[in-house]
Every structure is written in C-alpha cells, then in structure tokens.
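Read through the structure below, which is laid out as structure tokens, and then see the notes.
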Amino acid sequence: MKRLSWFNTTSLTLGFAFLYLPMIILVIYSFNESKLVTVWAGFSTKWYGELLQNEAFLDAAWVTLKVAVLSSTLATVLGTMAAYVLVRGGRFMGRTVFSGMIYAPLVMPEVITGLSLLLLFIGIGLDRGVLTIVLAHTTFAMCYVSVVVSSRLLTFDRSLEEAALDLGCTGFEAFRLVTLPIIAPAVISGWLLAFTLSLDDLVIASFTAGPSATTLPIKIFSAVRLGVSPEINALSTLMIAIVTFGVISASLVSKRNSLRQQRDEQAAARAE
Amino acid sequence: MQRLILIAVPYTWLLALFLVPFLIVFKISLSDVELAIPPYTPTLSDGIVPFFKALDFENFAFLASDDLYWKAYLSSLRIALISTFLTLLVGYPMAYAMARAPEEWRPTLMMLVILPFWTSFLIRVYAWMGILSQEGFLNQFLLWTGLISEPLTILNTTTAVYIGIVYTYLPFMILPIFAALDRLDGSLIEAAEDLGCSRFQAFWLVTIPLSKNGIVAGSFLVFIPALGEFVIPSLLGGSGTLMIGKVLWEEFFNNRDWPVASAVAVILLLILIIPIVLFQRNQQRQAEAEQ
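Line by line, the protein sequences are chains A and B.
Sequential numbering from 1 applies to the first sequence in the numbering used here.
Sequential numbering from 273 applies to the second sequence in the numbering used here.
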C-alpha cells in the first residue's frame, strides 16, 4: 500500500479542517451558557430548552416538514416520469423544449425562479401559503430527481424490460415489476435529494410563502440578519445532527447491501 | 395512450410552472410600475395590438442609465470569477490528494466531502458569521497568537463573501476534479518521469491537462450559482458588496418595483446563458469522449 506524501496529507488535513471546523465551532458554542455567543461561560443546554418553548420556530418547523414531504414525494413521481420519458420516450414533438425545461432549473438562479413563480401565482390569483411553496419546490426538485433517475436508466439493461414484455406484461406491469425495483435506489436518492433541497430552500420559499405559512429557513434568516444568537446555534446543531445521522446510516445500509450482493454473486458463481 | 399521459403530465407541469412564469417575468419587465396591487400595469389583457403598443423598454433604459445596476452586474461577475479561482486553488489539492489516497480510504473521503452538501446551506453560511465577526473566533485566535494587535474587520466585507462562496461550493469543485483524477492512468506519469520530467513538470504537463475536463466542469458548477447568489452577500457581505441577486431581492421586497426587478432578472439570465451553454458543450464533449 502506498502512503500519502506529506504534501497530500497536509492538503487533506487543511481542507477537511476548513470544511468541518466552522460547523464544529457552531456546535460547541450552542452549549455555551452565555448569551454572548463569542465568550465561553460554561456548559449548558438551556438554549435547547428555550428553543423547544419557542412556538414560532416549532410552527415553522412543522410547515417546513409538511412542505418537504409533500413536495419531495410529488417531485419523485413527476421526476421519475420525466426521466423515463427522456431516456425511453423516443422522439416526440417538443422533446428539445422538454429536456431544456428539465435542465434549465438546475442552473437557474434561485432569485429568478422565485420571482417568476410569485408573479405567476399573483397573476392567477392563487393565495400564497403551503400550497404555493409545495408547487414551487416540486417544480425545481423534480428536475434534480429526473437527472438522478435518468442516469440510472441509461446504464440499465433494456433486454430485461423487453423480456418482461415478451412474457406478456403490459407496459405498466413491466415498469412496476422490472424497471422500478431496479431503479429503486436512484428513486430513493432522488427523493432524499428533493427532501433536503426543500428543507434547505430559503430564496424560493421567501418569494412564494405568504403570511399564513413561514418555513424554518425564512425564520432562521430573519433571526440571523440581526446577528449570531445561541438559540439559532442550538437549532443548527440539531439540524446538523439529524443530517449527519441520516447520511451515515444511509451509506452504511447501501454498503451492507452491496456487500450482500457481492456475497450472493460469489455464492452463485461457486454453485455453477 | 399510456405513453401520451406519461409525456403530458411532466410536460404540462413544467410548461405551467417553469416556462409560463418565465414569460410573465419577461412581460412585466416591459410594463410600467404602478402604485397598486399588483404593482404594475398588465399589458396583455386587452388584445395583441395594444399589447405591442404598450411595451416599453424604459425599465431597461433605466437599468442602463443608473450606475448601480452596471456596477452590480460587473461586481457580481468579478466576485464570481475570483471566488471560482479561489475554490479551484483550495479544491484541486484536495481532489488530488483524495485520488492519491489508498483505495480503502476513498469512500470515506468522498462521504466527508459530500456530507456538508447535505447540511443546510443557510447554516453553513451562518457558521461563518460567528467566526468572522469583530469579536469572533478568528479574531480571538489571531489576537491570542499575537499575530495581530487589533481585531480585523472581515465580516460585512467582500473578503467574507469570498470565504463564504469558497466554503459552500467547495464540494462542487472537488467532486468533478476527483472523478477526472481517479480515472487518470498512473503509468502515464511514470512514463513522463522516466522520460526525464521532474515531478513538477510531469504534474504540469500530464496531470493538469488530463484533468482539464474536471477543472472546467467544477469551475462552471461554482461560477454559475455564485453569479446569482443572494444568501452569502446578504449575510456575510456589507453595504459595499454589490451583487445582482441582492439587488434584485431589494428591488422586489424593499422598493416593490416589480418591473425593474423583472428587468434585472432578464439581464441576469442573458448574462448566464453564455457560461451555461459553454458548460453544456463541455459536458457533451466529455460524454462523447467516454463512449
């Protein structure tokens, strides 16, 4: 096994320190007793207690979660359909426009997406609230889902689908029984991506949210504009903890699955 | 029939919620501001001839005449360019070291690069506010080491915006470069060294050109979103940091001048088209090269 040179070791150490130190400092200061976020005054969990009492944050968190679940689920369905159309749809009228509309939102600045959706909602007289945020998030998230799913569909052995069709499946049955189980990991990661994008989004939500519905990022942003606060540190720590736990467990599960698959393949090879 | 539904559903969705809104922005950018709700004069309601008569380019003329907008576009371009370059300087050595790391470390290293991307963008920017402020962590540390005797003003300057962009977009730079370096055939570098290249020459003449696609892809992935960035300049930048995303936001929410905000959006999009087309072309060429 070759070892890393001192140069490579240094750049990895410094690079990861740069990526992680800010968050580690944030987490440490969330346990600070003092209201002054920069002076350490002893360990305390009181900010977490205050956070759980803060109705406004809890309400916003609930709205955010609802929006994220609804929009990511819708986006997964629509995105998977779009990916299927792009990869398997063959030629149809307006295909170029379609693929343009799939890729454009990925590079569109959020301020423009937000502004344009708001103008639409006002134009058709739709009251701004949970529904408008869900519509907005679904639209940009479905494009991410369709990119993830179509990359899986491209590498997929088409003869499996054809076999199912030959054996008497209808088109939809072939999709449900053969295609879907094979692309499932991509569909799931697409959902997770859509979910996090929705949880995270500040700009588009600010444009499309009304007075009746405020999401957590909007709440955090307006609090943070006034400066650093220990309550926001506590909230951030909770969010970082949830994400870290989620990502690590997802990667462990996928690692175990691939190990099992390898073992099965070896067993099958021996049996032959 | 099934195929038709399959195509029609996502197609209609995107038409209604992506293309149509966009045309509305375009239209409003050509209408007059009014003190009403909605604060603009609709132009399409009374037929096509009055529609074309009512179109006016005065919002664009206004953008051209007012320094603020020109300066904001230019300064966004400059900030995006410089921060892309800085991200490359930080990201390349990391991607290089990751590609050189033992095989069994790589999945963990990859996960460590991707993990921050899943964490809230807003929180990652916010984390720097506590570090860069006058009595923040960085100043306390530098004062403690004796390197400086007065706290530095970093928060609310353009420097803080550079730090914020490099920090938040670093994974987008590292991953494509790592992918390119990972595929690189190590024997090519050995061959260069056998033929008399120094290690640095081999790096400059072999490794860099062979990872060019990754560098180009990573740079676009940082440059394009950085250009329209709003959160970073508004939290870390100061009043002297002009960025077009922030100008659009303020025009819309603070001044409530929708036609001008829409005109700002249309021009921002026109500016973005060039890098987006170049990026697409680069990706296509790469995909063709792989086949």
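Virtual Cβ for every residue (Gly too), placed ideally from N, Cα, C.
What you are looking at is a predicted structure, and each value in this text was computed from that prediction instead of being measured.
Restricting to Cα atoms, I'd like to know which of the options is closest to residue i.
i	options	result
ALA399 (chain B)	A:ILE220, A:SER11 and A:LEU126	A:ILE220
ALA104 (chain A)	A:MET93, A:VAL147 and A:VAL85	A:VAL147
TYR283 (chain B)	A:GLY227, A:PHE98 and A:TYR84	A:PHE98
ALA537 (chain B)	B:ILE548, B:GLU523, B:PHE450 and B:ASN527	B:GLU523
PHE475 (chain B)	B:SER491, B:PHE492, B:LEU453 and B:ALA489	B:LEU453
LEU58 (chain A)	A:GLY246, A:LEU252, A:ASN8 and A:ILE232	A:ILE232
MET108 (chain A)	B:LEU541, B:GLN473 and B:PHE413	B:LEU541
MET239 (chain A)	A:GLN261, A:SER30 and A:ALA194	A:SER30
ILE446 (chain B)	B:ASP529, B:LEU493, B:VAL397 and B:LEU335	B:LEU493
THR226 (chain A)	B:VAL292, B:ASN428, B:ALA280 and B:PHE329	A quick correction: the sequence has Leu, not Thr, at residue 226 (chain A). Per the Cα distances, B:ASN428.
THR155 (chain A)	A:SER206, A:ALA83, A:SER72 and A:THR73	A:ALA83
GLY302 (chain B)	B:ILE539, B:ARG275, B:GLN556 and B:ALA559	First, the residue type needs correcting, since residue 302 (chain B) is Leu and not Gly in the sequence shown. Checking every option, the nearest Cα to that of LEU302 (chain B) belongs to B:ILE539.
GLN53 (chain A)	A:THR96, A:GLY125 and A:LEU235	A:LEU235
LEU65 (chain A)	A:GLY79, A:ILE24, A:ALA194 and A:ALA268	A:ALA194
Closest Cβ-Cβ distance between residue i and chain A: below 8 Å?
i	result
TYR434 (chain B)	no
ARG528 (chain B)	no
LEU429 (chain B)	One point to set straight first is that residue 429 (chain B) is Thr, not Leu, in the sequence displayed. Judged by the 8 Å Cβ criterion, THR429 (chain B) is not in contact with chain A.
VAL503 (chain B)	yes
PHE342 (chain B)	Here the sequence assigns Trp to residue 342 (chain B), which means Phe is not the residue at that position. TRP342 (chain B) does not count as touching chain A.
LEU307 (chain B)	Model confidence at LEU307 (chain B) stands at a pLDDT of 49, short of 50, so the residue's coordinates are unreliable; what they give is reported in the following sentence. So, not an interface residue.
PHE472 (chain B)	no
PHE393 (chain B)	yes
SER348 (chain B)	no
GLU560 (chain B)	no
MET593 (chain B)	Outside the displayed span of chain B (273 to 563) sits residue 593 (chain B), for which this structure offers no information.
PRO365 (chain B)	yes
TRP521 (chain B)	yes
ARG455 (chain B)	no
Within the 8 Å Cβ cut-off, does residue i reach chain B?
i	result
GLU110 (chain A)	yes
ILE25 (chain A)	yes
VAL247 (chain A)	yes
ASP166 (chain A)	no
SER236 (chain A)	yes
PRO105 (chain A)	yes
THR73 (chain A)	no
PHE221 (chain A)	yes
ARG8 (chain A)	Per the sequence shown, residue 8 (chain A) should be read as Asn rather than Arg. Closer than 8 Å: yes.
SER11 (chain A)	yes
MET1 (chain A)	Caution is warranted here: a pLDDT of 42 is assigned to MET1 (chain A), below 50, making its placement in the model unreliable, and the coordinate value is therefore given only provisionally. Yes, because at least one Cβ of chain B sits closer than 8 Å to the Cβ of MET1 (chain A).
VAL224 (chain A)	yes
VAL148 (chain A)	no
TYR29 (chain A)	yes
GLU173 (chain A)	no
Would a C-beta distance cut-off of 8 Å place residue i and residue j closer than the cut-off?
i	j	result
VAL433 (chain B)	LEU358 (chain B)	no
ALA68 (chain A)	VAL145 (chain A)	no
ARG158 (chain A)	ILE183 (chain A)	no
THR214 (chain A)	VAL63 (chain A)	yes
VAL228 (chain A)	MET401 (chain B)	yes
LEU442 (chain B)	PHE16 (chain A)	no
PRO230 (chain A)	ILE403 (chain B)	no
ILE546 (chain B)	GLY490 (chain B)	no
SER348 (chain B)	ILE516 (chain B)	yes
ALA535 (chain B)	ASN331 (chain B)	yes
LEU216 (chain A)	ALA60 (chain A)	yes
SER150 (chain A)	VAL87 (chain A)	yes
LEU514 (chain B)	ALA344 (chain B)	yes
LEU289 (chain B)	THR208 (chain A)	no
ILE296 (chain B)	GLY210 (chain A)	no
SER71 (chain A)	ALA141 (chain A)	yes
PHE551 (chain B)	ILE496 (chain B)	yes
MET370 (chain B)	LEU360 (chain B)	no
MET81 (chain A)	LEU278 (chain B)	yes
Using the beta-carbon of each residue, which ones in chain C are nearer than 7 Å to residue i?
i	result
VAL292 (chain B)	The chain labelled as chain C is not found among the protein chains of the depicted structure, namely A and B.
Between the segment 128-137 of chain A and the segment 176-187 of chain A, are three or more C-beta pairs nearer than 8 Å?
In short, these stretches do not touch, since the Cβ pair count stays below three.
Check whether the segment 104-113 of chain A and the segment 500-509 of chain B touch, using three or more Cβ-Cβ pairs below 8 Å as the test. Look at the beta carbons and you see the segment 104-113 of chain A touching the segment 500-509 of chain B: at least three pairs across the two are nearer than 8 Å.
- Query: At what residue ranges does the segment 331-392 of chain B contain a whole run of the alpha helix (DSSP H), taking only runs of 4 or more?
  - Reply: Segments of the alpha helix (DSSP H) lying fully in the segment 331-392 of chain B: 339-372 and 378-390.
Evaluate the contact criterion for the segment 36-48 of chain A versus the segment 164-172 of chain A: three or more CB pairs, one atom per stretch, below 8 Å. Not touching, per the Cβ criterion.
| Should the segment 475-484 of chain B be called in touch with the segment 502-512 of chain B, which here means at least 3 C-beta pairs below 8 Å? | No, because fewer than three Cβ pairs between the segment 475-484 of chain B and the segment 502-512 of chain B fall closer than 8 Å, the two stretches do not touch.
Query raised in the report: With contact counted as at least three CB pairs below 8 Å, one residue from each stretch, are the segment 189-202 of chain A and the segment 115-125 of chain A in contact?
Result: In short, these stretches do not touch, since the Cβ pair count stays below three.
task = Could you name each continuous alpha helix (DSSP H) segment of 4 residues or more that falls completely within the segment 209-248 of chain A, going from the start of the chain to the end?
result = For the segment 209-248 of chain A, whole alpha helix (DSSP H) runs of length 4 or above, ordered along the chain, are 216-224.
Check: When the Cβ atoms of the segment 353-370 of chain B are set against those of the segment 12-31 of chain A, are three or more pairs found closer than 8 Å?
Finding: By the Cβ test, the segment 353-370 of chain B is in contact with the segment 12-31 of chain A, since at least three Cβ pairs between them sit closer than 8 Å.
Flag this pair as touching only if the segment 418-434 of chain B and the segment 402-409 of chain B have three or more C-beta atom pairs under 8 Å; answer yes or no.
Yes, they touch.
Secondary structure, alpha helix (DSSP H): runs of 4+ residues fully inside the segment 43-125 of chain A: For the segment 43-125 of chain A, the continuous alpha helix (DSSP H) assignments of 4+ residues that do not extend past its boundaries occur at 46-53, 55-88, 95-107 and 110-123, in sequence order.
Next item on the list: Starting from the N-terminal side, write out each stretch of the beta strand (DSSP E) that is 3 residues or longer and does not extend beyond the segment 167-217 of chain A.
Entry: Segments of the beta strand (DSSP E) lying fully in the segment 167-217 of chain A: there are none.
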